[in-house]
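Chains R and D supply the protein sequences, listed in that same order.
Residues 1 to 431, numbered by our numbering, are exactly what the first sequence covers, in order.
Residues 1001 to 1526, numbered by our numbering, are exactly what the second sequence covers, in order.
Everything on this sheet refers to the single structure shown next.
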Amino acid sequence: MTPDTAPQKEEPVEPNRKDIDPQDEQAAVDPALFEEKPIAPPFERTVLTTPLHLVTSLESRTNRWTDWNGYTVPEVLTGLGDEYRALRGAAALMDVSPLVKYRIAGRDAFAFLQRLVTRDIENLGVHRAVHVILCESRGLVLGDGLLFRLADDDYRLVTEETHLAWLMDSSEGFRVRIEDVSATLGTLSLQGPLSAFVLMQAGVGDVASLAPFAARWVTIAGMPVYLSRTGASGDLGYELWSDAEDAPHVWRWLVECGGPLGLRAAGFALRELARLEAGLPRAGQDYLSAFAAIDAREALPPAAIWASPAIDLDKGLFNGRAVLRRGSDEPPARRVVSLAIEGLEPLRFSTLSLEGRVVGAATSTGFSPALGANIALAVIDAEAAAAGALLAAAERRDGLSVRETLASVRVLAKPARAHARRFAVPAPLRP
Amino acid sequence: MVTGGTKYDAIVIGAGHNGLVAAARLARTHGRVLVLEAGDRLGGAAATSEIVPDYRAPAVAHLLEGFPRRIERELKLARHGLRYAARDVPTVALDRDGDHIALPRNRREYAAFSKRLPKDAEAYRERVALLRAQADLIAPLLGELPPRHDDPGSLKRFLRRAVLRAEWQGRSALRKLMQTLPESIGDRLDAEFESPLLKGVLAFDATLGGGEGPYAPGTSFRAVWREAIRMQGQGVRQPVGGMGALADALAAAVEAQQGEIRLGARAVRILVENDAVAGVELSDGAVLHAPLVVSALNPRVTMLGLLGAARLETEAALELRFAAPAGSTAKINLALESTPVFSGLAPELHGARLVIAPSLHELDEAAAECRDGGFASEPVMEILVPSLADASLAPEGHHILSIIVHNVPFDVEGGWEAKRETFVQKVVRTVDAYAPGTADAMIAGEILTPPDIERKYGLAGGDWHQGDLRLDRLFGFRPSPAFGRYEAPVPGLYLCGAGSHPGGGVTGLPGWLAVEAIGAAKGGER
């Protein structure tokens, strides 16, 4: 057998990458390399679904959906009253994946964040979280959020609205990597007096020892989950951060373990109601980002939005420091306050008036079963808030007719719901 | 890092003329002053450099146009050796056929001018009158601190005086100024004059230093601005010993006040302790302490480079990030072994500013070429033979040609390495057309392209003015709103270079006013 007639070795269908000789012009070329791929423009899709969309749609008995940050989320899954009773009596499980999550890492991540937020995060330990406020140069609020420290130089910032452009602009001069990881994480919020017990039932060891605003890696149904004792319900609660693929399984397992204890899956409306009862303003709803406020009066300083905002004027430079320092002693002209409105019928209303003069507007409203009254968050003139005798223009609907009435309003000194249990250590396993 | 370095009361970074003016003024009131200069010479772009031994040429700038008398007097520069070789240097528009136009400075010259240009003479007189009147309105604003942004009353007072002055000038003055602000110099000149050469030279003066052509909006105001800058000074002058003589006199003024000047000391970092400036770190690691640091460098380099964006609030840093200047001027110095003779030019005018800008059309073409990364085949330029008035610059009988070439891009297509020779050839050929024999008499030369100017003199982008002289980059907006009053948001750090109000040109005013701002801040005035 001459070499010419020797049987050729069978060519592999897919050539091994190592066998490719870049100098060989006659080499077989993988045609897939030259196929035109349609380029997907960024943000082409503006209607998004969360990793939990399938499981929540299976739970839905109402088919009521709403838009949250561009994501389709259930507004109510079964019934708001039902879900509320579960939240306050046992536990409620909600999909909060539309929250915006940034990973901020790198050797200057700490310095970057110190300049970004108003509070001093010097003492923020690993696996801890704090509430942070972002301001711009005039000392007006851009947004607020929770800042987690995942590792020494690795942070996660969770906000209601997007701030990527601002973070990128602020990163000049810092060795820091900023990533929007919103889509890679599924986030579940488990709130209610039995939430710790549900987690124990789901196989999480030593849940009770987790302090408020602390976090820990745990395994739930064999999946790694970052468990933090946070939430916006004014009660004991946890948030579970996991891979997007794992999130539906975590959800199912929690529903399976918690169901017998009274756990109910709930929608966005319940989250809004719980937040309203806890008196927590939401960016874009109760206050506007300073960049989004067209009317200059609608951009508010931190002291106008929170009763005691975390601002440390002595920690070093941060955005807005110069202005905040100058204005630290004068009270803001407008404030975000919690209100209770007379009358039991559910109301929809917008303006608040004092002696015939419009002094503000309600931004979130709802009926609080905890207080047995209609409550609201509103932005009003600071003097009017002190004066009292406020009136709210209310719309009442009887059948098809609409009646406009004025309801008297009082300013709530403390939120409708703020259970001491939320800060209890160890976390109570039984209500 | 070496700690425990020497302590000064103030450190000035950059020994350009603005840095030296600031240092000399600081030294009188603020104690021990140290000037740090990264290069091995004083003066920055206003220096004298040696082309070859015995041939000394003004390195970049070659004439003093707006150096105020009060600075000269208060710093006693005459006592420190500043002499003038020529005062009130005239401007001549060179004509290809030898029929040059000397811009008149007095009645006698105006008679000659109107004989040369009978149709344009009256219009020229009106034009100069209007330019002076308009420059009168803004000239006083150049010599003082710009208004504060956070104080609306300050801006109102600032503008009110300009408006009052305009009303005093007559009803139409304000209207005409409003018309001038956005107008292009080309359109204005086309409407007023006939002679292409006259239009060329007037537009050349209005656009020099910027990248725009004569038909770009806002260039008409630049002519007013330039006139106002000239009003700060005492006419166009040429110092004995080249521009470096000014720097030497300023340095002597600094040293007379026990100030110290250190050459070859490159500042790499501005140190901040407890939210205030603490000193400067040098490239060799040495640390110099001072509670006051004044930087004559480019604002962007100072704030984003030496201080660091991390020490500023996000929005302040953002303002500077995109303010990257790009120069459009090159400098060529030639050493000649004979006296250059410009054909048709009267002997007494050979020491004048000689402008080659044949017409608006050629200026416009040159600007368009420059935008596209090329240079015109017959570049537009300004020529000075400084050695005629100042024999100390060259051996007897030999001369220096100092040429500023307008509309030369920073990034040339094909790269400067490849194009440098072609460029010099084009410039020399153009000069040779006006002064035959120049090319043969050339014995040495140096060329500074915009990248060379950036490298050699530290002017970012090779921009002489450290940022366009545009309406949106003047007064309190220069270099940007957050830094418009010389002070940085960090206490103790100030800017004093051409990047700050009132801008480029050898005026010393940014340095002078920066010290005024320091004094105002110290006195607690707002």
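Even glycine gets a Cβ: it sits at the ideal position worked out from N, Cα and C.
Source: prediction; values computed, not measured.
Cβ shell of residue 1470 of chain D (< 7 Å), same chain only, five flanking positions each side left out: 1218
Contacts that residue 319 of chain R makes with chain D (C-beta to C-beta distance below 9 Å): 1313, 1314, 1315
Among D:1310, D:1226, D:1013, the one whose alpha carbon lies nearest that of residue 1209 of chain D: D:1226
For residue 1110 of chain D and residue 1087 of chain D, the rounded distance between their alpha carbons: 19 Å
Neighbour flag for residue 172 of chain R against chain D, beta carbons, 8 Å: yes
Chain-order list of residues whose beta-carbon lies under 6 Å from that of residue 1354 of chain D (same chain, five-residue window excluded): 1092, 1094, 1383
Which of helix, strand or coil DSSP assigns to residue 1018 of chain D: helix
Inter-stretch contact at 8 Å, needing at least 3 Cβ pairs: the segment 1470 to 1485 of chain D / the segment 1368 to 1384 of chain D: no
Residue 226 of chain R: first and last residue of the uninterrupted alpha helix (DSSP H) it sits in: Here residue 226 of chain R belongs to no alpha helix (DSSP H); instead the beta strand (DSSP E) covers 223 to 228.
Contacts around residue 1216 of chain D, its chain only, beta-carbon distance under 7 Å, and the 5 residues preceding and following it disregarded: 1184
Contact set between residue 1460 of chain D and chain R, taken where Cβ atoms lie within less than 7 Å: None at all; the shortest Cβ gap to chain R is about 17 Å.
Reference residue 1220 of chain D, options D:1494, D:1339, D:1250, D:1182, closest by Cα: D:1182
Sub-8 Å separation of residue 1310 of chain D and residue 111 of chain R beta-carbons: yes
Cβ-Cβ distance between residue 1318 of chain D and residue 1490 of chain D below 8 Å: no
Within the segment 313 to 347 of chain R, ranges of the beta strand (DSSP E) (whole runs, at least 3 residues): 334 to 341
Sufficient close CB pairs (3 or more, under 8 Å) joining the segment 1337 to 1344 of chain D to the segment 1424 to 1441 of chain D: yes
Validate contact between the segment 71 to 87 of chain R and the segment 253 to 271 of chain R using beta carbons, cut 8 Å, 3 pairs: yes
Complete beta strand (DSSP E) runs within the segment 233 to 305 of chain R (minimum length 3 residues, chain order): 237 to 243, 264 to 266
Boundaries of the alpha helix (DSSP H) in which residue 1426 of chain D is found, first to last residue: 1416 to 1434
Per-residue contacts from residue 1318 of chain D into chain R (C-beta, under 7 Å): 169
Rounded straight-line distance, which links the Cα of residue 79 of chain R to that of residue 62 of chain R: 8 Å
8 Å Cβ cutoff, residue 111 of chain R in contact with chain D: yes
Contact between the segment 1493 to 1509 of chain D and the segment 1186 to 1201 of chain D (3+ Cβ pairs under 8 Å): no
Opposing strand residues paired with residue 1451 of chain D [DSSP bridges]: The partner list for residue 1451 of chain D (beta bridge, DSSP) is empty, contrary to what the question assumes.
Simplified DSSP state of residue 1079 of chain D, which is helix, strand or coil: coil
Cross-strand partners of residue 1086 of chain D (DSSP beta bridge): D:1238
Sub-8 Å separation of residue 1497 of chain D and residue 1014 of chain D beta-carbons: yes
Beta-carbon proximity list for residue 1054 of chain D, same chain, < 6 Å, skipping 5 on both sides: 1395
Cα-Cα separation, residue 325 of chain R to residue 1272 of chain D: 19 Å
Identity of the residue in R:183, R:56, R:253 nearest residue 220 of chain R by Cα: R:253
The segment 1227 to 1237 of chain D in contact with the segment 414 to 421 of chain R per 3-pair CB rule at 8 Å: no
Test: residue 1304 of chain D CB closer than 8 Å to a CB of chain R: yes
Inter-residue Cα distance where the pair is residue 217 of chain R and residue 375 of chain R: 37 Å
contact_flag[the segment 305 to 314 of chain R, the segment 380 to 390 of chain R] where n(CB pairs < 8 Å) is 3 or more: no
Residue 430 of chain R classed as buried or exposed, judged by whether at least 16 other C-beta atoms fall within 10 angstroms: exposed
Secondary structure of residue 1007 of chain D, DSSP reduced to three states: strand
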